[in-house]
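Enquirer: In the working numbering, the protein residues as written are 58 to 135.
Just dropping this structure here.
Written out as structure tokens, the structure is:
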């Protein structure tokens, strides 16, 4: 039916030495290489590592959603 859809949700972790935004972008970009139709994300946790009094790296835990494919989107097995 038109207008109906289902979304799958999962969690993933991204990291970066540059900052929180880059950690988010790294996680989404990498995941987008193997999962189609990523739709939304939410930041669940932010962590980091401190070394010698400075931030060494940032880590984010994300909830991510993607659209479940309609059966008509799948390749046929003819």
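Heads up, the beta-carbon is just placed ideally off N, CA and C, and yes, glycines get one too.
From a predicted model like this one, the values you see are computed outputs, not experimental measurements.
Does DSSP put residue 91 in a helix, in a strand, or in coil?
Expert: coil
Enquirer: Of the choices 124, 125, 100, whose alpha-carbon is the least far from that of residue 72?
Expert: 100
Enquirer: Among 108, 104, 62, 132, whose alpha-carbon lies nearest the alpha-carbon of residue 117?
Expert: Considering only 108, 104, 62, 132, the residue with the shortest C-alpha distance to residue 117 is 104.
Enquirer: Determine the extent of the beta strand (DSSP E) in which residue 66 is found, giving its start and end residues.
Expert: 64-73
Enquirer: Once the 5 residues before and after residue 126 are set aside, which same chain residues still bring their CB inside 8 Å of it?
Expert: 93, 94
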